[in-house]
Amino acid sequence: MTSRRVDIAIACALALVTVYAFPYFAGIQSANELPRLYQTMAVVDRGALDVDQGVRRWGRTADLSRYGGHDFPNKPPGMSLLGVPFYAALKGGYALAGAEPPLRAIMLALRLGCATLPALLFLLLAVPRLLAAFVPSIEARRAALIAYGIGSMALTYGKLLIAHQLAATLVGTSYTLLVLRARGELGPRALAHAGAAAGAAVLADYQTGFLVPLLGIYAVATARPRLRGALLFAVGGLPFALALAAYHRACFGAVFSTGYDHALTPHMAAAHAQGFLGMGAPKLSTLARQLFSPRAGLLALSPMWLLALPGLALLARRREWRPDAALVIAATAVYLWFAASLVFRGGWTVGPRYMTALLPLLVVPLGLALEAARGRGALWAAAAGLALVSIATYALASAVFPHFPDAFASPIFQLAWPLLRDGHAPYSLGTVVGLRGAVSLAPYAAVVAALGAVVAVSGAGSRRRRAATALGAVLVAAVLLAAMFVTTPPLGRRAAKTYRWIESIWQPWP
833 MTSRRVDIAI
843 ACALALVTVY
853 AFPYFAGIQS
863 ANELPRLYQT
873 MAVVDRGALD
883 VDQGVRRWGR
893 TADLSRYGGH
903 DFPNKPPGMS
913 LLGVPFYAAL
923 KGGYALAGAE
933 PPLRAIMLAL
943 RLGCATLPAL
953 LFLLLAVPRL
963 LAAFVPSIEA
973 RRAALIAYGI
983 GSMALTYGKL
993 LIAHQLAATL
1003 VGTSYTLLVL
1013 RARGELGPRA
1023 LAHAGAAAGA
1033 AVLADYQTGF
1043 LVPLLGIYAV
1053 ATARPRLRGA
1063 LLFAVGGLPF
1073 ALALAAYHRA
1083 CFGAVFSTGY
1093 DHALTPHMAA
1103 AHAQGFLGMG
1113 APKLSTLARQ
1123 LFSPRAGLLA
1133 LSPMWLLALP
1143 GLALLARRRE
1153 WRPDAALVIA
1163 ATAVYLWFAA
1173 SLVFRGGWTV
1183 GPRYMTALLP
1193 LLVVPLGLAL
1203 EAARGRGALW
1213 AAAAGLALVS
1223 IATYALASAV
1233 FPHFPDAFAS
1243 PIFQLAWPLL
1253 RDGHAPYSLG
1263 TVVGLRGAVS
1273 LAPYAAVVAA
1283 LGAVVAVSGA
1293 GSRRRRAATA
1303 LGAVLVAAVL
1313 LAAMFVTTPP
1323 LGRRAAKTYR
1333 WIESIWQPWP
């Protein structure tokens, strides 16, 4: 098979994994998703921004704010506004049949249009070009692409109507445009487009506001002339800043008043009232939980990000890459500080979801570390093994139940795997063709395994040597997963009660 055909096959497989399952559960009243869905419907149906009608029709949920007698999402409006054409098209299609779309159909359309489509476009069009600017071998680039695409929060939040991956996609797009412009592959307009992507990221997710100044500094540092670069980047982002200010003014009475300032539920109001956007003094214990906790730790669920450390050292070694190293190090430091300062756990989350926007910047050091490991048998086995563990955990969680409640100490083996073992599988392409239970995810598992095999065999050397290092990677992954399993604590009373409740509200589409 030619190299181009391999890339096409990988792209098709990544797309299939991303769209295969539709884990939708009306009973959980998804606090992050429903307010956005309500607002999209309000814009199309009533030309309004409040979600009063959605709340009356389908119920109240946690992430709401109240101002001027109306309910609003406590999130920025970017994802809600992006959903307008998709909901309008869906509504129009149902109207032709004389019907109204049910809530689950609206959720499916908005997830696909606002989360999955942007995530896939970024993954398949931008990430390969970004990696090609730093990583010489196509094999290491493919391994990094697959690992990021299905072995990280990019997969989970690329399937849900939650803005983290949309924001990550916009941040990653901005960085890719700046890199390609710095290398002369794109013209000056790329700087304005990069600024627009950065501005849109903040319109989608407030937390990306920490990254935009860093991207701006990188744009200035790499642009020639620098003043023109700064102006183009700023001009690109200005319309989105003005749009966010206008939204705050219209919904919450002041340009700098956000939905968090008017949170409706007491616990949300109390959490966000502490410090800045719910951040207090950094705590080492909080950082350790965000990184190493089996419940939602970045490195516990996706240990491949350990490879970013040596990758950063490699990035900083070359003089022309030092601005990139400085950007990634600064962004990582900011997000680690942010993670250590949170006064709340982040809700039902697969991984530390507030760090999702950082991950596109870590793809480059990940690819460099994989490149350095190629041709070194034991190193490749260890590196690829970490990637395989990441793929296994996120592929399982994202397909079965991508909402880990905080009642579970180790939700991969206390929730996701038991649900699948007990025959609970969500609506998917498998159920469309008549498969039921765990069997309905068999095609999904086969494609995930094939992509994992591509990662495992991407080490350099003869065919026999690649096979040996691939076997080593599988063994490393098996040992790590077994260690995670045997160290999983017994299911506590609260977790057992939550598990039974999840079973009771399990309603896959017929």
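Just so we're aligned: the sequence shown equals residues 833 to 1342 in the numbering used here. The C-beta atom is built at its ideal place from N, Cα and C for all residues, glycine as well.
Legend entry - A1201 and A1213 closer than 8 Å at C-beta: If you number the sequence shown from 1, residue 1201 lands on position 369. If you number the sequence shown from 1, residue 1213 lands on position 381. No, these two residues do not count as a Cβ contact at 8 Å.
Inset, instruction - Go through the stretch 1027-1071 residue by residue and report every complete run of the alpha helix (DSSP H) that reaches 4 residues or more, in order. - result: Positions of the alpha helix (DSSP H) runs, each at least 4 residues long and wholly inside the stretch 1027-1071, are given as 1044-1054 in order along the chain.
Inset, instruction - Using beta-carbon positions only, say whether A979 and V1011 come within less than 8 Å of one another. - result: Position 147 of the sequence shown, counting from 1, holds the residue named residue 979. Position 179 of the sequence shown, counting from 1, holds the residue named residue 1011. Against a cut-off of 8 Å, the Cβ pair of V1011 and A979 comes out as no contact.
Legend entry - Where the alpha helix (DSSP H) through R823 begins and ends: Here the chain covers residues 833 to 1342 and nothing more, so residue 823 does not appear.
Inset, instruction - Go through the stretch 840-886 residue by residue and report every complete run of the alpha helix (DSSP H) that reaches 4 residues or more, in order. - result: As for any alpha helix (DSSP H) of minimum length 4 sitting wholly inside the stretch 840-886, the runs are 866-878, ordered along the chain.
Legend entry - C-beta atoms of V784 and L962 nearer than 8 Å: Not covered by the structure: residue 784. The range shown for the chain is 833 to 1342.
Inset, instruction - Please report how far the alpha carbon of P1020 lies from the alpha carbon of S862, in whole angstroms. - result: Within the sequence shown, numbered from 1, the residue matching residue 1020 stands at position 188. Within the sequence shown, numbered from 1, the residue matching residue 862 stands at position 30. Going from the Cα of P1020 to the Cα of S862 covers about 42 Å.
Inset, instruction - Please confirm whether G983 and I1244 have their CB atoms less than 8 Å apart. - result: Here residue 983 refers to the residue found at position 151 when the sequence shown is read from its first residue. Here residue 1244 refers to the residue found at position 412 when the sequence shown is read from its first residue. No, the pair does not count as a contact, with Cβ atoms beyond the cut-off.
Legend entry - Cβ pair T988, A1229 closer than 8 Å: Sequence index remark: in the sequence shown, residue 988 carries index 156 (1-based). Sequence index remark: in the sequence shown, residue 1229 carries index 397 (1-based). Against a cut-off of 8 Å, the Cβ pair of A1229 and T988 comes out as a contact.
Legend entry - Minimum C-alpha distance to L993 - residue among G945, G1004, Y1038 and L1063: Position 161 of the sequence shown holds residue 993. Looking at the Cα atoms, G945 is the closest of the given residues.
Inset, instruction - Taking 8 Å as the threshold, find out whether the stretch 999-1009 comes into contact with the stretch 863-877 through three or more Cβ pairs. - result: Touching, no.
Legend entry - Collapsed DSSP secondary structure at Y1259 in the structure displayed: Taking the first residue of the sequence shown as 1, we reach residue 1259 at position 427. Strand, per DSSP.
Legend entry - According to DSSP, residues forming a beta bridge with D1093: In the sequence shown, counting from the first residue as 1, residue 1093 sits at position 261. As computed with DSSP, D1093 is found in no beta bridge at all.
Legend entry - Boundaries of the beta strand (DSSP E) in which F904 is found, first to last residue: Working through the sequence shown from its first residue, we reach residue 904 at position 72. Counting along the chain, the beta strand (DSSP E) containing F904 begins and ends at H902 to P905.
Legend entry - Distance between beta carbons of R1127 and F1236, contact taken as under 8 Å: Position 404 of the sequence shown, counted from the start, is the residue given in the question as residue 1236. Position 295 of the sequence shown, counted from the start, is the residue given in the question as residue 1127. Contact between F1236 and R1127 holds: their C-beta atoms lie close to 7 Å from each other, under 8 Å.
Inset, instruction - Would you mind stating whether M911 and T1188 have Cβ atoms separated by less than 8 Å? - result: Here residue 911 refers to the residue found at position 79 of the sequence shown. Here residue 1188 refers to the residue found at position 356 of the sequence shown. Cβ distance not < 8 Å, so M911 and T1188 don't count as in contact.
Inset, instruction - Would you grab the beta carbon distance between A1022 and F1072 for me? Rounded to a whole angstrom, and I think it's under 8 Å. - result: Numbered from its first residue, the sequence shown carries residue 1022 at position 190. Numbered from its first residue, the sequence shown carries residue 1072 at position 240. About 17 Å; that fails the 8 Å criterion.
Legend entry - Beta-carbon proximity of L1283 to A1257, cut-off 8 Å: Residue numbering aside, residue 1283 sits at position 451 when the sequence shown is read from its first letter. Residue numbering aside, residue 1257 sits at position 425 when the sequence shown is read from its first letter. Cβ distance not < 8 Å, so L1283 and A1257 don't count as in contact.
Legend entry - With 16 other Cβ atoms within 10 Å as the buried cut-off, status of T1164: The sequence position of residue 1164 within the sequence shown is 332, counting from 1. With 16 or more other Cβ atoms inside 10 Å of its own Cβ, T1164 counts as buried.
Inset, instruction - Please name the residue in A1032, F904 and E1335 whose C-alpha comes closest to that of T893. - result: Within the sequence shown, the letter at position 61 stands for residue 893. Each of A1032, F904 and E1335 was checked against the Cα of T893, and the nearest Cα belongs to F904.
Legend entry - The alpha helix (DSSP H) enclosing K991, as first and last residue numbers: For this step, residue 991 is matched to residue 159 along the sequence shown. Note, K991: premise wrong, no alpha helix (DSSP H); not H, not E.
Legend entry - Spatial neighbours of P1142 in its chain, beta-carbon cut-off 6 Å, leaving aside the 5 residues before and after: The residue given as residue 1142 occupies position 310 in the sequence shown. Within the same chain, P1142 has close Cβ partners A1201.
Inset, instruction - Give every residue of the same chain whose Cβ lies closer than 8 Å to the Cβ of A920, excluding the five residues on either side of it in the sequence, and list them in chain order. - result: Counted from its first residue, the sequence shown places residue 920 at position 88. Within the same chain, V876 come within 8 Å of A920 by CB-CB distance, once the 5 residues on both sides are set aside.
Legend entry - Close Cβ partners of E1203 (< 7 Å) along its chain, the five nearest in sequence each way excluded: Within the sequence shown, numbered from 1, the residue matching residue 1203 stands at position 371. Correct list, in chain order: V967, P968, S969 and A972.
Inset, instruction - Specify, as a first and last residue, the run of the alpha helix (DSSP H) that A1147 falls within. - result: Start at 1 with the first residue of the sequence shown, and residue 1147 comes out as number 315. As written in the sequence, residue 1147 is Leu, which differs from the Ala given in the question. For L1147, the uninterrupted alpha helix (DSSP H) run begins and ends at A1140 to R1149, by DSSP.
Inset, instruction - Using three-state DSSP, classify Q1122 as helix, strand or coil. - result: Reading the sequence shown from its first residue, position 290 is the one you call residue 1122. Helix, per DSSP.
Legend entry - Residues near W890 in its chain [Cβ-Cβ closer than 8 Å; skip 5 each side]: Taking the sequence shown and counting its residues from 1, one reaches residue 890 at position 58. Only L866, Y870 and L935 meet the Cβ criterion.
Inset, instruction - Give the straight-line distance between the Cα atoms of L1064 and R1121, rounded to the nearest whole angstrom. - result: Here the question's residue 1064 lines up with position 232 in the sequence shown. Here the question's residue 1121 lines up with position 289 in the sequence shown. C-alpha separation (whole angstroms): 40 Å.
Inset, instruction - Taking V1182 and L1312 to be in contact with their CB atoms under 8 Å, please state how far apart those CB atoms are, rounded to whole angstroms. - result: Numbered from its first residue, the sequence shown carries residue 1182 at position 350. Numbered from its first residue, the sequence shown carries residue 1312 at position 480. About 18 Å separates the Cβ atoms of V1182 and L1312, ruling out a contact at the 8 Å cut-off.
Inset, instruction - Give the secondary structure of G925 by DSSP, where H, G and I count as helix, E and B as strand, and everything else as coil. - result: Counting from one through the sequence shown, the residue named residue 925 turns up at place 93. In the structure shown, G925 falls within a helical segment according to DSSP collapsed to helix, strand and coil.
Legend entry - L1252 versus P1114: straight-line alpha-carbon distance, rounded: On the sequence shown, position 420 is the one that residue 1252 refers to. On the sequence shown, position 282 is the one that residue 1114 refers to. Roughly 38 Å separates the two Cα atoms.
Inset, instruction - Please classify Q997: does DSSP put it in a helix, a strand, or coil? - result: The count along the sequence shown starts at 1 and reaches residue 997 at position 165. Residue state, collapsed to three classes: helix.
Inset, instruction - Quick one: residues in its chain with C-beta nearer than 7 Å to the C-beta of T1301, no 5 flanking neighbours on either side, listed in chain order? - result: As a first step, residue 1301 must be located in the sequence shown, where it is residue number 469. Listed in chain order, the non-local C-beta contacts of T1301 below 7 Å within the same chain comprise G1209, W1212, A1213 and G1291, local neighbours out to five positions each way being set aside.
Inset, instruction - Tell me whether I1334 sits in a helix, a strand or coil according to DSSP, three-state version. - result: In the sequence shown, counting from the first residue as 1, residue 1334 sits at position 502. Of the three classes helix, strand and coil, the one that applies to I1334 here is helix, per DSSP.
Legend entry - A1305: first and last residue of the uninterrupted alpha helix (DSSP H) it sits in: Here residue 1305 refers to the residue found at position 473 when the sequence shown is read from its first residue. Taken as a continuous stretch (DSSP letters only), the alpha helix (DSSP H) holding A1305 covers R1295 to V1318.
Inset, instruction - Could you tell me whether the Cβ atoms of S1134 and T1225 are closer together than 8 Å? - result: Working through the sequence shown from its first residue, we reach residue 1134 at position 302. Working through the sequence shown from its first residue, we reach residue 1225 at position 393. Going by C-beta atoms, S1134 is nearer than 8 Å to T1225.
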